[in-house]
């Protein structure tokens, strides 16, 4: 059995912050049906993110603006445990698949909308992309860092989309758990903005004034003399000398035992106060040897450290023997692109192992089997396709993924 | 009204970011969380973020190496639905509180582990602070900065991803428990958290077309989104968006006085030469405009744009909290025992009928020893022996 065995999820989302959450719930065993416009998900034009947020789903190509399309959508909703999408405020209602319409055909459904900004408020009518929310959570300001005189820096992981999606996973599963215990479904919502600010949730004001928190240096190496990257003879090393014993170990490992007795560096607070002096004393010692040699010496003195690895656009992770053996890599075959690899199980379950069904589907790849499941006959399906209500791949398949 | 997780008892043995925040998401949906700390308290109590990430729970202190302490802990676990721990693989077994030992007494327990690296991985016994996982997972090398080489990420991304994986695993196991009646061992790690944020940029494809990786390729400066950061008047910055979901009235270029420029939605499709010719004009236009005036005008014309300012400023440190954070009820006031009246992020989940909410500030270490161990039948003298002095 899988953790979400038997859970049917209807995914009306496009781009990333919608589809990513159903994908994760699919990995946990939910049967995820992606309802995709017959013109294709807008994300397909950027192939890699698209492949990264729709694996394992069944796909029906459906024109929701057609009356018959809406009827099919609501038949799907009637079979659902969870309905999920990231439409801009008002769009789902206009299409006839808002919460009230879904509730009318499925009283105890869990219904989730992942917004850009939120349900109400001065910017709630806007959609928007990840960079806006990296800005709004101060992430670009701190990554620059702007206070050191640098430009703001965009982080290329696009993680506020993912954060919004993951918040919605937490909300959907919580609502589902509640529904299983009480029989009551409900709607819920999350937003890119809220997901983003959780990533900066260490920020706090006391009586309206910022409480100090660690700042990145202008060279983008770290937030403390003992928690940062240093240059070595041939590259870099990250050290994390967090505890007192790490600090004395570091001094011993580098042959700088006099620093351990130096009043300027006697406590964590004192070391923070004399950060630059300490860094200028440590940097030459760390630069004297290669990364690997330094790492081994630090290991032997019990000083936490790691040599930053270049994974060559992920290849070194996706072909790592330990990662493969532990199920952290998923491999599947795509009809156009052949063998593909992406991250695998993000969570392991001792009794209900995860299950990754395969790659992201083609537009409408499962239209016929889904229509069959809803009780449509062969000739009805052909008529629906002829009328542009549904789509399944044919010789004119025009997408690159 | 009630929360979705009312009545759910969670024991939180975690230290650091991912476990505390993951548990916070459960606590503020109604779960009854007891933070279990060593005598003297969680070693990260003095670190930035602790006061936010550890709110909405009670705290006990217990020496798990003291036989009575272990006993008291196991009694707590007998009544728990969920246990969360973030020790290195092997540590809980040595303490006598590993999955097998606890699950044998309470088979409904969902036992969640979130170490830095997965059990069985060659890195499993390496130290696991967030920045080390940034380094070992390839994240630092993946992020282009202002010089060549790895970039330290100010936002602790491996932990900030694992924070979502912890409650996701727990809740999925709770849903399964409704079917099976049994809990199970749910495991994730900071290392798997780092993978979560690679979904748009790390895919191996056997037959990739030349443009498969396209705009997502690592580049200096980092890609199309970095180009849409603009300096405005007074050394301030804004980030504009390619799309807003709305139909623009005037174009962004028109608004900054570059009327000959193209539709911004087509900008990523322009040739490098066309972009190079356009950008300086554009940058000069933005540089003339005061930030707030420009933002207002952009939004009136249906363009999404944000000021690039600190999170503290968005929380209201200059008296102007982000209005949409206010609308989302994401700016909360919490009376903290050390900091006094604080402003913190609120609860990021919004339900139609179930309620969410902050249950109170982070507790002092052992603040609830008497209340919680007393309810299990321990006397004050007994508690003093295994709980240590309150801090």
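Protein chains in written order, with the working numbering: chain U, 64 to 464; chain P, 66 to 456.
All residues carry an ideal CB built from backbone N, CA and C; glycine is no exception.
Query, Result
"Near-chain U residues of the segment 215–243 of chain P - C-beta to any C-beta below 8 angstroms", "215, 216, 217, 218, 219, 220, 222, 225, 226, 228, 229, 230, 232, 233, 234, 236, 237, 238, 239, 240, 241, 243"
"With 16 other Cβ atoms within 10 Å as the buried cut-off, status of residue 285(P)", "exposed"
"Min CB distance residue 282(U) to chain P below 8 angstroms", "yes"
"9 angstroms Cβ cut-off: residues of chain P touching residue 116(U)", "264, 265"
"Same chain only: Cβ atoms within 7 angstroms of residue 203(U), ignoring 5 sequence neighbours per side", "197, 215, 216, 217"
"Amino acids of chain U, ordered along the chain, whose beta-carbon sits closer than 7 angstroms to that of residue 388(P)", "184, 185"
"Cβ shell of residue 288(P) (< 7 angstroms), same chain only, five flanking positions each side left out", "280"
"Which residues DSSP lists as bridging residue 393(U), in chain order", "405(U)"
"Neighbourhood of residue 354(P) by C-beta distance below 7 angstroms, restricted to the same chain and skipping five residues each side", "297, 298, 321"
"Short Cβ contact (8 angstroms threshold) for residue 413(P) with residue 253(U)", "yes"
"The segment 171–191 of chain P in contact with the segment 180–187 of chain U per 3-pair CB rule at 8 angstroms", "no"
"Sub-8 angstroms separation of residue 144(U) and residue 71(U) beta-carbons", "yes"
"Minimum Cβ-Cβ distance from residue 405(U) to chain P less than 8 angstroms", "yes"
"Coarse secondary structure for residue 83(P), derived from DSSP in three states", "helix"
"Boundaries (first-last residue) of the beta strand (DSSP E) holding residue 285(P)", "Note, residue 285(P): premise wrong, no beta strand (DSSP E); not H, not E."
"Chain U within 8 angstroms of residue 393(P), Cβ atoms only", "yes"
"DSSP three-state assignment for residue 357(U), whether helix, strand or coil", "helix"
"Cut-off 8 angstroms between Cβ atoms - residues of its own chain near residue 121(U), not counting five sequence neighbours on either side", "94, 95, 96, 97, 424, 428, 429, 432, 433"
"Where residue 206(U) meets chain P, residues with beta-carbon distance less than 9 angstroms", "208, 210, 216, 218, 219, 220"
"Three-way DSSP call (helix, strand, coil) for residue 397(P) in this model", "strand"
"Chain P within 8 angstroms of residue 369(U), Cβ atoms only", "yes"
"Residue 467(U) (DSSP reduced to helix, strand or coil)", "One cannot answer for residue 467(U) here, as it falls past the ends of chain U, which runs 64 to 464."
"Under 8 angstroms between C-beta atoms of residue 266(U) and residue 405(P)", "no"
"Partner residues on chain U for residue 366(P), Cβ-Cβ distance less than 7 angstroms", "Those do not exist, as residue 366(P) stays about 12 angstroms from chain U at its closest Cβ, beyond 7 angstroms."
"Cβ-based burial, residue 314(P) [other Cβ within 10 Å; buried from 16]", "exposed"
"Inter-residue spacing [alpha-carbon to alpha-carbon] between residue 388(P) and residue 185(U)", "7 angstroms"
"Three CB pairs or more closer than 8 angstroms across the segment 95–112 of chain P and the segment 418–430 of chain P", "yes"
"Buried/exposed call for residue 272(P), threshold 16 Cβ in 10 Å", "exposed"
"Cβ of residue 339(P) within 8 angstroms of any chain U Cβ", "no"
"Backbone secondary structure at residue 208(U) - three-state DSSP", "coil"
"8 angstroms Cβ cutoff met for residue 374(U) and residue 203(P)", "yes"
"Inter-residue spacing [alpha-carbon to alpha-carbon] between residue 456(P) and residue 332(U)", "Legend: pLDDT at residue 456(P) = 47, less than 50; position of this residue unreliable, value from coordinates given subsequently. So the alpha carbons of these two residues sit roughly 20 angstroms apart."
"Residue(s) in a DSSP beta bridge with residue 254(U)", "178(U)"
"Check whether residue 370(U) and residue 196(P) have beta carbons under 8 angstroms apart", "no"
"Boundaries (first-last residue) of the alpha helix (DSSP H) holding residue 166(U)", "162–168"
"Per-residue contacts from residue 321(P) into chain U (C-beta, under 8 angstroms)", "In chain order: nothing, as chain U lies at least about 17 angstroms away."
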